[in-house]
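Novice: To convert, note that position 65 of the sequence shown is 65 in UniProt numbering; the numbers rise steadily by one, no gaps. I'd like to ask some things about the structure below.
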Amino acid sequence: MNAAKYRDILDENLLQSAQDLRLGRRFTFQQDNDPKHTAKITKEWLHNNSVTVLECPFMLEKPPMLLN
């Protein structure tokens with residue numbers, strides 16, 4: 001899946017799902033740092049639709065390697 005497809009999924013589902021769950025605009029959306037989540041097209045859609053996004057500073061672009 002690419003960022004454009006992800007944006008389409010958000011467009012077709014996110015706000016309607018929040019409405020169906022009777023959340024209105026009182027919700028915070030969380031996602032990780034997958035490239036399609038951090039893409040400009042995704043960020044613009046979220047901003048243009050006034051979606052509050054939980055920033056995840058603990059989510060690293062590349063997780064550290066575990067050493068034995």
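Where is the CB? At the ideal position from N, CA and C, for every residue including glycine.
In whole angstroms, what separates the C-alpha of D20 from that of P35?
Specialist: Spanning the two alpha carbons is a distance of roughly 28 Å.
Novice: Report the residue from L23, N49, R25 whose alpha carbon sits nearest the alpha carbon of L10.
Specialist: Of the candidates L23, N49, R25, the one whose C-alpha sits nearest the C-alpha of L10 is N49.
Novice: Who are the Cβ neighbours of Q30 in its own chain at under 6 Å, not counting the five residues just before and after it?
Specialist: Excluding sequence neighbours, Q30 sits near L54.
Novice: Measuring only the C-alpha atoms, how far is R25 from K5?
Specialist: If you take the alpha carbons of R25 and K5, they lie about 23 Å apart.
Novice: What residues match up with T52 in a beta bridge as DSSP calls it?
Specialist: The partner list for T52 (beta bridge, DSSP) reads T28.
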